[in-house]
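Numbering of the sequence shown is given in UniProt numbering, commencing with residue 1 and proceeding in unit increments.
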Amino acid sequence: MRLYWRVLVINGAVLTAATLALVVAPVSVSRHPVVSEAAVLGFGLFLMVVTNALLLRSSLAPLDRVVREMASVDPQRPGRRLKPPDSGPGRDLVLGFNAMVDRLEEERSMSNAKQLAAQEAERHRIARELHDDIGQQLTVVLLGLKQAEQRAPAELADELAALRESTRDGLDDVRRVARQLRPGVLDDLGLASALASLTHDFAEHSSASVRRVVAPGLPPLSSDTELVVYRVAQEALTNAARHAGASAVELSLTKVGDRVVLEVADDGRGFDVRRDGAGLRGMRERARLAAGDLTVTSSPVGTTVRLEVPA
1 MRLYWRVLVI NGAVLTAATL ALVVAPVSVS RHPVVSEAAV LGFGLFLMVV TNALLLRSSL
61 APLDRVVREM ASVDPQRPGR RLKPPDSGPG RDLVLGFNAM VDRLEEERSM SNAKQLAAQE
121 AERHRIAREL HDDIGQQLTV VLLGLKQAEQ RAPAELADEL AALRESTRDG LDDVRRVARQ
181 LRPGVLDDLG LASALASLTH DFAEHSSASV RRVVAPGLPP LSSDTELVVY RVAQEALTNA
241 ARHAGASAVE LSLTKVGDRV VLEVADDGRG FDVRRDGAGL RGMRERARLA AGDLTVTSSP
301 VGTTVRLEVP A
């Protein structure tokens, strides 16, 4: 029975019972009610209200429970569904809510996939332009400065040499940024080599020491999954250097059962994992695209990011 008809039947039953009680019971009310008659009417009204409240509570209590549980659903942690009651209007509400969440999560996943694909395409375009255009132009400038240094008089040689070294540093920075935007080594040599290059660059530009452990004989992953693992490792290392102020970081890639596990642990300042920033949300969204699970644990003396993806 739908909620509207259930409430209507309950109220009708209470009013019918009160009417029958007035007809059958030896109770009458004079034109000018006395105190005893008013007391009887008040008691009857109180009894009607209490009876109605008790009967309605059995029907509406499941709705209150469903509303409270709806408030605890976190869109950042999908997969949780409400358990429907065995019967009553609350069951239809829970089933409808679960179906709505299924549709929203599916649409969110598709939207995130398109967004991340567009982001990777833009990263690839910028990296290609940096490497092919700006990198080549700086290379030409570098060669020109070298020739000019050889032909220049002695009093200008030192200045040209310093300018050439500055140009070389700029070219190295352009190449480094291009590698960060689109790791060509990931496409050419695979995930293990890409992680080795990533930790090497991190150690060069950070004061933290890095220990890398890659287990031998890891099963192959799809190119999309490898990119997810690489981006999560990149974000975790960036957070360790930028926010945690870590002095030591350990990155490991191992196989546990039928899953490949990436762990990035640091000894820096911890944070409240319940307050997800843009970086953590991005890592969680990437993990979901690879059907993986991301867990982040943090304490005052360190943080561990763990990503599990199916092999």
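Here a beta-carbon is modelled for each residue, glycine too, at the ideal position from N, C-alpha and C. Note that this is a predicted model, so its numbers are computed, not measured.
Residue i versus residue j: straight-line alpha-carbon distance, rounded
i, j, result
"L251", "K146", "41 angstroms"
"G257", "R288", "19 angstroms"
"L198", "R65", "49 angstroms"
"S109", "M283", "13 angstroms"
"S298", "R128", "37 angstroms"
"V52", "S72", "For clarity, residue 52 is Asn in the given sequence; the question names Val instead. About 31 angstroms."
"V185", "S193", "7 angstroms"
"R123", "D188", "17 angstroms"
"residue 316", "G96", "The structure shown does not extend to residue 316, since the chain is modelled only from 1 to 311, so the question has no answer here."
"G170", "G144", "15 angstroms"
"L138", "A157", "19 angstroms"
"R281", "V249", "21 angstroms"
"E165", "G135", "15 angstroms"
"N112", "E120", "12 angstroms"
"Q115", "L56", "48 angstroms"
"S28", "M48", "18 angstroms"
"A178", "L130", "6 angstroms"
"G292", "P84", "28 angstroms"
"R91", "A21", "35 angstroms"
"L218", "R81", "34 angstroms"
"G12", "W5", "10 angstroms"
"A152", "A241", "43 angstroms"
"R175", "N98", "48 angstroms"
"A162", "L142", "11 angstroms"
"G270", "R103", "35 angstroms"
"G79", "H243", "30 angstroms"
"S36", "P26", "14 angstroms"
"R275", "T303", "14 angstroms"
"A38", "V7", "29 angstroms"
"T167", "R125", "23 angstroms"
"A61", "L54", "10 angstroms"
"S223", "Q180", "17 angstroms"
"G44", "A18", "8 angstroms"
"V67", "V305", "33 angstroms"
"V14", "M70", "32 angstroms"
"A215", "H200", "18 angstroms"
"T238", "G190", "21 angstroms"
"P183", "D173", "14 angstroms"
"V296", "S209", "21 angstroms"
"M100", "D132", "48 angstroms"
For residue i, three-class secondary structure by DSSP
i, result
"R269", "coil"
"G217", "coil"
"S87", "coil"
"L93", "helix"
"V23", "helix"
"L82", "coil"
"H124", "helix"
"V101", "helix"
"R286", "helix"
"A152", "coil"
"H243", "helix"
"R274", "coil"
"residue 319", "There is no way to answer for residue 319, as the model of the chain reaches only from 1 to 311."
"S166", "helix"
"V73", "coil"
"S222", "coil"
Residues sharing a beta bridge with residue i, DSSP
i, result
"P310", "R259"
"G302", "S299"
"D293", "E308"
"residue 342", "Limits of the chain in this structure are 1 at one end and 311 at the other, which puts residue 342 out of reach."
"L253", "V214 and L262"
Proximity test, residue i beta-carbon vs the ligand PLP heavy atom, cut-off 7 angstroms
i, result
"E37", "Questions concerning the ligand PLP fall outside what the structure shown contains, since it holds no ligand whatsoever."
Integer Cβ distance of residue i from residue j, believed to fall under 8 angstroms
i, j, result
"L221", "V309", "7 angstroms"
"A233", "V264", "6 angstroms"
"A290", "T225", "5 angstroms"
"V229", "L307", "6 angstroms"
"A246", "G268", "3 angstroms"
"R212", "L195", "7 angstroms"
Unbroken stretches of the alpha helix (DSSP H), 4 residues or longer, contained in the stretch 170 to 205 = 184 to 189 and 191 to 204
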